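**Q** Starting off with a structure, shown below.
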Amino acid sequence: MFQIGTRGSKLATTQAGHVRDWLIDAGFSSELHIVTTAGDINMAPVERIGVGVFTQALREALYRGECDIAVHSFKDLPTAADERFRLVIPQRQDSREALVARDGLSLMQLPEGARVGTSAPRRISQLAALRPDLEIRPLRGNIDTRMSKVTDGELDAVVLAYAGLLRGGYEDRVSDIFDPEIFMPAPAQGALAIEAVAGTEAAAALDALVDVRATAAALAERAVLARLEAGCTAPVAATSRWNGDQLTVRGGVFALDGSRQLTATAAGTAVGTAVVTAEEAMELGAQVSDELFAQGAADLLGQ
């Protein structure tokens, strides 16, 4: 019986529950094991707690044998690979950003000076560019806690990952879904990262869960972040799409006040019937980040 390590939040256990069900369908008995992380206890903004706060405790529990498999939101992992583990990416949920607002309002329908909750610099900068009149308020907590700020009237709206809302069954609360060409999501948003200690029976079982196209797309987006040497809390975004056998990757770096937005795109086509390999996908991401550097990304990130 594989023990699947997960955070205890509703979203985390729902995501890990999907992985459990996929493994069971593939013939591997599995159950969830809750691991408490520092990010579940400390409610300070993530950029103050540190990159990887939600994943380090899971990885350590995995390595010491407390669980056999760990499930992360891929966007929360540090960009540097951890050679202790085998990492696979299964089928991916919608990567777009979404708005949960009072009265079902869209972003452009919010009144002047509306209070919008988010602590992510990537979201803050893009909101500032689209609606400089908004009052951006810091926001932490699970999905229910964040949405309750709107229900209780403390905020007019919150920006959340659409994937989490879909996985949690909250799609009826969504009032606006952002076009990723206009409001870019976090690199690898909507993708799960499933890990097991390399060389173990559990690591071999993960073969059954790999989605090759989702893997290529997510790795390409993460390569943008890695090449820019920016953490998951930096004002860096990336998105990608498959059009037949062509993978197109787009990245952005933003000034926090919304005054500058740098974007770049790269595309690659699969050879024959094979999809883009992981290495080719990451090279696309590197091309995007190189173009962003050429446009002045280092100056923006330095700010």
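Numbering (the UniProt record's numbering) for the sequence shown: 1 to 303.
From the three backbone atoms N, C-alpha and C, an ideal C-beta is built for every residue, glycine too.
No experiment lies behind these values; they were computed from the predicted model shown.
#1: Which class does Glu60 belong to by DSSP, given the choice of helix, strand or coil?
#2: For the candidate residues Pro111, Arg146, Glu83, whose alpha-carbon lies nearest to that of Pro98?
#3: What first and last residue would you give for the alpha helix (DSSP H) that runs through Ala208?
#4: So what does Thr79 bridge to, in DSSP terms?
#5: Check Val35 in the structure and name its three-state DSSP category.
#6: Determine, using beta-carbon pairs with one atom in the region 163-174 and one in the region 113-128, whether at least three such pairs fall under 8 Å.
#7: Drop a sphere of 10 angstroms on the beta-carbon of Arg64, count the other beta-carbons inside from all chains shown, and report buried for 16 or more, exposed for fewer.
#8: Indicate the three-state DSSP secondary structure (helix, strand or coil) for Ala193 in the structure shown.
#9: List the endpoints of the continuous alpha helix (DSSP H) containing Ala281.
#10: Between Ala161 and the rest of its own chain, which residues show a CB-CB distance below 6 Å, the 5 nearest in sequence each way excluded?
#11: Quick one, which of Ala208, Ala186, Arg167, Ile24 has its alpha-carbon nearest Phe254's?
#12: Can you give the beta carbon distance from Pro90 to Leu192, rounded, assuming they're within the 8 Å contact cut?
#13: With the cut-off set at 8 Å, would you say Arg131 and Leu107 are in Cβ contact?
#14: Measure the beta-carbon distance from Val159 to Arg123 and round it to whole angstroms, keeping in mind my assumption that it falls under 8 Å.
#15: Thinking C-alpha only, which one of Gly258, Ser259, Val249 is nearest Met282?
#16: Considering just the uninterrupted stretch of the beta strand (DSSP E) at Gln261, what are its terminal residues?
#17: When burial is assigned at 16 or more other CB atoms within 10 Å of the CB, is Arg7 buried or exposed?
#18: Please report the residue range of the beta strand (DSSP E) in which Ile182 lies.
#19: Could you tell me the distance, in whole angstroms, from the CA atom of Leu300 to the CA atom of Ser73?
#20: Can you tell me where the beta strand (DSSP E) with Gly117 in it begins and where it stops?
#21: Can you list, in chain order, the residues of its chain with a C-beta nearer than 7 Å to that of Val197? Leave out the 5 residues immediately preceding and following it.
#22: Classify Ile182 as buried or exposed, calling it buried when 16 or more other Cβ atoms lie within 10 Å of its own Cβ.
#23: Out of Thr13, Leu256, Gln287, Gly252, state which residue places its alpha-carbon closest to the alpha-carbon of Ala267.
**A** Considering the structure as presented:
#1: In the structure shown, the three-state DSSP call for Glu60 is helix.
#2: The sequence given here places Ala at residue 98; Pro does not occur at that position. Checked all of Pro111, Arg146, Glu83; the closest Cα to Ala98 is Arg146.
#3: Annotation: Ala208 is outside any alpha helix (DSSP H) and is labelled neither H nor E by DSSP.
#4: Thr79 is not bridged to any residue.
#5: The answer is coil: DSSP assigns Val35 none of H, G, I, E or B.
#6: With the cut-off at 8 Å, the region 163-174 and the region 113-128 do not touch.
#7: Arg64 is exposed by the Cβ-count criterion.
#8: In the structure shown, Ala193 sits in a strand (DSSP, three-state: E or B).
#9: Counting along the chain, Ala281 sits inside the alpha helix (DSSP H) bounded by residues 278-295.
#10: By the criterion of a C-beta distance shorter than 6 Å, Ala161 is surrounded in its chain by Gln189, once the five residues flanking it on both sides are discounted.
#11: The shortest C-alpha separation from Phe254 is found at Ala186.
#12: Contact check for Pro90 and Leu192: beta-carbon distance about 6 Å, within the 8 Å limit, so the pair qualifies.
#13: Leu107 sits close to Arg131, with the two beta carbons spaced by under 8 Å.
#14: Cβ atoms of Val159 and Arg123 come within 8 Å of each other, at about 5 Å.
#15: Among Gly258, Ser259, Val249, the Cα nearest to that of Met282 is on Val249.
#16: Segment 261-269, the beta strand (DSSP E) holding Gln261.
#17: Taking all protein chains shown into account, Arg7 has 16 or more neighbouring C-beta atoms within 10 Å of its C-beta and is therefore buried.
#18: Per DSSP, Ile182 belongs to no beta strand (DSSP E) and is neither H nor E.
#19: So the two alpha carbons sit approximately 26 Å from each other.
#20: For Gly117, the enclosing beta strand (DSSP E) stretches over residues 115-117.
#21: So the qualifying residues of the chain are Leu62, Tyr63, Arg84, Phe85, Ala203.
#22: By the 16-neighbour rule on beta-carbons within 10 angstroms, Ile182 is exposed.
#23: The shortest C-alpha to C-alpha distance from Ala267 to any of Thr13, Leu256, Gln287, Gly252 is the one to Gln287.
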